[in-house]
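Below is one structure; the comments refer to it alone.
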Amino acid sequence: MLVLNDIIGSVNDDEIAEKLHHLGHHDRIEFIRMNVADTARSRQKVTTDKGTPCGIALSRDKRLYNGAVLLMDEQRAVVLRVNEEEWLRLSPVSTDAALELGYNAGNLHWRIRFDGPDLLVALEGPAQRYIDRLSGLIDANRVTVVQP
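Read in order, the letters of the sequence shown are residues 40 to 187 in this note's numbering.
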């Protein structure tokens, strides 16, 4: 198992980008795909796109991000690719419904953002799981699921 215990830098750093360009011509870049929620974990086992088993063991002050270079030497590089995040769009029909929806989302510690009057919830599992938790509001037609 390849142990990755540091972040070398970003694919956007000029010096690193030049080295990655060279390694890429020789098909020596391996990518780790990861969901956004997993970037908060400092210790985890993963596998690169070329099948190399890896153990990520970062200090707690380091945070994984899209484009993080976890290994780079003359033979290969290992780069993190974060999957695009999916969002559930919820539309409250009134101010009261919006307050109750916001209360529930906060109480359940969901990661959210706002888009006009709509509340977007970052999906860290099946959308139905979130919809089920809000069934009272949805069944009462106080909140509409715009995008499942």
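Beta carbons are placed, not taken as given, at the ideal position from N, Cα and C, and that holds for glycine.
Owing to the predicted nature of the structure, the values given are computational and were not obtained by experimental measurement.
Reduced DSSP category for residue i - H, G, I as helix; E, B as strand; rest coil
{"i": "ASP13", "result": "Any answer about residue 13 is impossible in this case: the structure gives the chain only from 40 up to 187."}
{"i": "ILE170", "result": "helix"}
{"i": "THR91", "result": "coil"}
{"i": "GLY141", "result": "helix"}
Enclosing alpha helix (DSSP H) for residue i [first to last residue]
{"i": "SER174", "result": "174-178"}
{"i": "LEU59", "result": "53-64"}
Contacts around residue i, its chain only, beta-carbon distance under 8 Å, and the 5 residues preceding and following it disregarded
{"i": "ASN122", "result": "ARG72, MET73, ASN74, VAL75"}
Same chain, Cβ closer than 7 Å to residue i, five either side skipped, listed in chain order
{"i": "GLN83", "result": "ASP77, ILE95"}
{"i": "THR216", "result": "Residue 216 lies beyond the stretch modelled for the chain, which goes from 40 to 187, so this question has no answer here."}
{"i": "VAL10", "result": "A query on residue 10 cannot be resolved here, the shown segment of the chain reaching from 40 to 187 and no further."}
{"i": "LEU62", "result": "ILE68, ARG115, ALA116"}
Sub-9 Å separation of residue i and residue j beta-carbons
{"i": "ILE55", "j": "VAL108", "result": "yes"}
{"i": "ASP45", "j": "LEU97", "result": "yes"}
{"i": "LEU176", "j": "LEU140", "result": "yes"}
Delimiting residues of the beta strand (DSSP E) encompassing residue i
{"i": "ARG82", "result": "82-86"}
Residues sharing a beta bridge with residue i, DSSP
{"i": "ILE46", "result": "Answer is none; ILE46 lacks a bridge partner."}
{"i": "ALA116", "result": "ILE68, MET111"}
{"i": "PRO131", "result": "VAL182"}
{"i": "VAL75", "result": "Answer is none; VAL75 lacks a bridge partner."}
{"i": "TRP126", "result": "ALA161"}
{"i": "ARG152", "result": "LEU159"}
Cutoff 6 Å; reference residue i; Cβ partners in own chain excluding five residues on either side
{"i": "VAL185", "result": "ARG128, SER130"}
{"i": "SER81", "result": "LEU97, ARG99"}
Contact with chain D by residue i, beta-carbon distance below 9 Å
{"i": "SER133", "result": "Checking the listed chains, one finds no chain D in this structure; it contains a single protein chain."}
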